[in-house]
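According to my numbering, the residues represented by the sequence shown are 16 to 412, in order. We treat Cβ as the ideally placed atom computed from N, Cα and C, and that holds for glycine. Have a look at the structure below before the remarks.
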Amino acid sequence: MNQDDSNDKTYSLLDIEKKLQDAMDAIESIKKGRSISIGGESASKKYDELKKQFDQKSADYTKLDKQFQQLTQEVLELRQEKMMFEKFTTLTEDEKSEMEKTRDEMKQKYETERQTALEQEQEKMFMAKSLEVETKEKEKAKTKYYKAIIISVLTIVVVTGGYSLLFAELVGQQYSVPTQPTPGAYTIQNLRGDTIDTYLSWRLVDGTPLVINILNADKFDDDVIETVKKTILSDEVLEIDNSLLHKGPKGTTSSLYVGWQGAMTEAAKTETLLYIPVNFDIISSKTGEGDITIELSKNSNADGYAGWTNSIADASQNQILKSRITIFDVDNLSLTALETVTRHELGHALGLAHSTDPEDLMYPIIETNFPYTSECDIDAIVLLYDGGETSQVICEN
Ligand SMILES: [Zn+2]
16 MNQDDSNDKT
26 YSLLDIEKKL
36 QDAMDAIESI
46 KKGRSISIGG
56 ESASKKYDEL
66 KKQFDQKSAD
76 YTKLDKQFQQ
86 LTQEVLELRQ
96 EKMMFEKFTT
106 LTEDEKSEME
116 KTRDEMKQKY
126 ETERQTALEQ
136 EQEKMFMAKS
146 LEVETKEKEK
156 AKTKYYKAII
166 ISVLTIVVVT
176 GGYSLLFAEL
186 VGQQYSVPTQ
196 PTPGAYTIQN
206 LRGDTIDTYL
216 SWRLVDGTPL
226 VINILNADKF
236 DDDVIETVKK
246 TILSDEVLEI
256 DNSLLHKGPK
266 GTTSSLYVGW
276 QGAMTEAAKT
286 ETLLYIPVNF
296 DIISSKTGEG
306 DITIELSKNS
316 NADGYAGWTN
326 SIADASQNQI
336 LKSRITIFDV
346 DNLSLTALET
356 VTRHELGHAL
366 GLAHSTDPED
376 LMYPIIETNF
386 PYTSECDIDA
396 IVLLYDGGET
406 SQVICEN
């Protein structure tokens, strides 16, 4: 059906309407005629007949009108449908065209994103693995540093070439270091009255250097060896405010020594019975020669100790004959920890036992943030090399 068809219908309806009008006119004329008609009965009959025809026509008209309305509605609906269909078809074409145009682009984008995601995932896994390893190593180091044992002294008799010497072997001078030591940040050290046990010393001829042999130095990086050397040869003195050390009022200071050469030189300013070693010769030989040997080990100590010193001494004369230091698991020690460990062990090698002050360098477990040789340690050295036989030195504030 189309517009013209419906127009045809409209014209038909107009015709019907015209006919109806004609019929109405006829009725009117009949009515008029009746009034003047002589044979009334006949006229009335004619009227009824016409009336019947009119009703019939009227009914037809109503019916047709209804059909027309219905058809018009159908046409409108169909038109709407057609329009929608056309619009839909157009939109689909557009979308299809758009999709075709961007399909490759989107595919490529997806591939790129997928690749990036894969790479990120791999990176994440790698980082997680690295973190895991790092965490394990840190935990391992932490555990190691916090263990310590107290010194035990064994006396042994050694017979060599017909001479009988009494040796004291100092064993187990192990200690641990704190995880926080950062000597660069000179912060807190509480030096309250403390005691250092000491009774063994070196008895060198005046002016003779103490030879220190760093074993297997060639297996470690230069910074490791330099760190060890610093604890021996440095003359650096740190002036730390006593208020930070809880040792005195603010504005007064105490001296802390980075290297033992500096500390021993300070000690030697006081006249003593025995010669205080102030010259240190550092060598690196595999033969184990030297007064003190420092073995840098890649192995960790079974008991978790970071450092260990073993001295052989002529106990009858309180004389150290040889001292052997071992630093364990050097590859996993920070340079700071290595420095602190070495400095502490050298204190033993020079004759100092442990301190009773928890915050002193020579305490079995190093807890201080100032793990340097203190004036108290120097006083102990002075007393020791002045022939003191007491094993305790009380450090006054
Ligand atoms: Zn120790």
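Residue environment, residue i, which counts as buried when at least 16 other CB atoms sit within 10 Å
{"i": "M279", "result": "buried"}
{"i": "Q332", "result": "exposed"}
{"i": "A317", "result": "exposed"}
{"i": "Y125", "result": "exposed"}
{"i": "P386", "result": "buried"}
{"i": "T127", "result": "exposed"}
{"i": "T246", "result": "buried"}
{"i": "M74", "result": "Here the sequence assigns Ala to residue 74, which means Met is not the residue at that position. Burial call: exposed."}
{"i": "R358", "result": "buried"}
{"i": "K116", "result": "exposed"}
{"i": "G305", "result": "buried"}
{"i": "N384", "result": "buried"}
{"i": "T170", "result": "Interpretation of T170 is limited by its pLDDT of 29, a score under 50 that renders its predicted location unreliable; the figure taken from the coordinates is listed afterwards. Classification of T170: exposed, given that the 10 Å Cβ count is below 16."}
{"i": "L93", "result": "exposed"}
{"i": "D392", "result": "buried"}
{"i": "E281", "result": "buried"}
{"i": "P224", "result": "exposed"}
{"i": "S326", "result": "buried"}
{"i": "G303", "result": "exposed"}
{"i": "T308", "result": "buried"}
{"i": "L260", "result": "buried"}
{"i": "L91", "result": "exposed"}
{"i": "M121", "result": "exposed"}
{"i": "M377", "result": "buried"}
{"i": "K97", "result": "exposed"}
N-terminal and C-terminal residue of the beta strand (DSSP E) that residue i is part of
{"i": "H369", "result": "367-370"}
{"i": "I307", "result": "307-311"}
{"i": "L353", "result": "Taken as a continuous stretch (DSSP letters only), L353 belongs to no beta strand (DSSP E), being part of the alpha helix (DSSP H) at 350-364."}
{"i": "S258", "result": "It is not in any beta strand (DSSP E) - S258 instead sits in the alpha helix (DSSP H) that spans 257-260."}
{"i": "K337", "result": "334-342"}
{"i": "T268", "result": "268-272"}
{"i": "V226", "result": "225-230"}
{"i": "I240", "result": "Where I240 is concerned, there is no enclosing beta strand (DSSP E), although the alpha helix (DSSP H) it sits in stretches over 237-248."}
{"i": "D413", "result": "Given that the chain is displayed from residue 16 to residue 412, the structure contains no residue 413 and the question cannot be resolved."}
{"i": "W217", "result": "Counting along the chain, W217 falls outside any beta strand (DSSP E), and DSSP gives it neither H nor E."}
{"i": "A321", "result": "Careful: A321 lies outside any beta strand (DSSP E) and carries neither H nor E."}
Closest residue to residue i among the options (Cα-Cα distance)
{"i": "D346", "options": "K66, K72, E96, A232", "result": "A232"}
{"i": "S389", "options": "S326, W323, G277, K313", "result": "G277"}
{"i": "L65", "options": "G305, S44, I31", "result": "S44"}
{"i": "I340", "options": "R218, N294, E310", "result": "E310"}
{"i": "N294", "options": "D109, V243, A283, L398", "result": "A283"}
{"i": "E10", "options": "Y290, W275, D80, Q85", "result": "With the chain covering 16 to 412 only, the question about residue 10 has no answer from this structure."}
{"i": "N228", "options": "K262, P379, D221, K337", "result": "K337"}
{"i": "F69", "options": "A395, E115, V226, K33", "result": "K33"}
{"i": "L288", "options": "D329, V273, D221", "result": "D221"}
{"i": "P379", "options": "D119, T324, L28", "result": "T324"}
{"i": "L290", "options": "D401, Q85, S249", "result": "According to the sequence displayed, residue 290 carries Tyr and not Leu. Nearest C-alpha to Y290: D401."}
{"i": "S216", "options": "M39, A395, R129", "result": "A395"}
{"i": "D30", "options": "K60, S59, D80", "result": "D80"}
{"i": "N257", "options": "K244, I381, E113, L271", "result": "L271"}
{"i": "K313", "options": "E113, F235, G303, T87", "result": "F235"}
{"i": "D344", "options": "Q334, V356, H261", "result": "V356"}
{"i": "L398", "options": "D372, M377, E286", "result": "E286"}
{"i": "D329", "options": "R218, E108, D109", "result": "R218"}
{"i": "Y320", "options": "I335, I342, K301, Q334", "result": "I342"}
{"i": "K72", "options": "S59, A38, Q82", "result": "A38"}
{"i": "S249", "options": "D375, V273, L230, K262", "result": "V273"}
{"i": "P292", "options": "I335, S315, K262", "result": "I335"}
{"i": "Q82", "options": "S59, E110, L28, A41", "result": "L28"}
First and last residue of the uninterrupted alpha helix (DSSP H) at residue i
{"i": "G277", "result": "275-282"}
{"i": "A395", "result": "390-400"}
Legend entry - Cβ contact (3+ pairs, closer than 8 angstroms) linking the segment 229-245 and the segment 348-367: Here the segment 229-245 lies against the segment 348-367, with 3 or more beta-carbon pairs under 8 angstroms apart.
Inset, instruction - Could you tell me whether the segment 250-260 touches the segment 356-364, where touching means 3 or more Cβ pairs closer than 8 angstroms? - result: The segment 250-260, when compared against the segment 356-364, does not touch it at the 8 angstroms Cβ threshold.
Inset, instruction - Entirely within the segment 68-115 and at least 3 residues each: give me those beta strand (DSSP E) ranges in chain order. - result: Secondary structure within the segment 68-115: not one fully enclosed beta strand (DSSP E) run of 3 or more consecutive residues is present.
Inset, instruction - Please determine if the segment 286-305 and the segment 258-272 are in contact, where contact requires at least 3 C-beta pairs separated by less than 8 angstroms. - result: Between the segment 286-305 and the segment 258-272 there are fewer than three inter-stretch CB-CB distances shorter than 8 angstroms, so the stretches are not counted as touching.
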